[in-house]
Amino acid sequence: MRHGFLNLLLATAVADEADDVPFHEVAAVVAERDASAFSVGAGSIAYRDHRFPIRSVAAVRTSGFTAYGSCDFQEPVSDLVSMGAVV
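For the sequence shown, the numbering used here assigns the number 105 to the initial residue and increments by one for each residue that follows.
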């Protein structure tokens, strides 16, 4: 199983949401395979019932999600374009 960068980014955001987030909730985001569980809007990004303003995702990205390795640059970008997150 491969974990997507969006899974990892939002798992980091869920973990950062509160001090007492159960590990199984964070692990569920990492393991999620249903693309419809994620949504991207004009000012927010969400995983199921967890919704984050873009500015808070940007803060998580700089403080807790500092790197992601992928053997392909185009595939993650294409995925974001297809979701409407990148134009």
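Where is the CB? At the ideal position from N, CA and C, for every residue including glycine.
Reducing DSSP to helix, strand and coil, say where residue i ends up.
i           : result
residue 118 : helix
residue 133 : helix
residue 155 : strand
residue 148 : strand
residue 163 : helix
residue 95  : No information on residue 95 is available, as it lies outside the stretch 105 to 191 that the chain covers here.
residue 169 : coil
Determine the extent of the alpha helix (DSSP H) in which residue i is found, giving its start and end residues.
i           : result
residue 143 : Taken as a continuous stretch (DSSP letters only), residue 143 belongs to no alpha helix (DSSP H), being part of the beta strand (DSSP E) at 142 to 144.
residue 126 : Run containing residue 126: none; DSSP gives neither H nor E here.
residue 183 : 178 to 187
Examine chain B for any beta-carbon lying closer than 7 Å to the beta-carbon of residue i, and answer yes or no.
i           : result
residue 110 : Here chain B cannot be found, since the structure has a single protein chain.
The segment 131 to 147 touching the segment 161 to 175, judged by at least three CB pairs closer than 8 Å: no
Could you tell me whether the segment 137 to 151 touches the segment 166 to 176, where touching means 3 or more Cβ pairs closer than 8 Å? no
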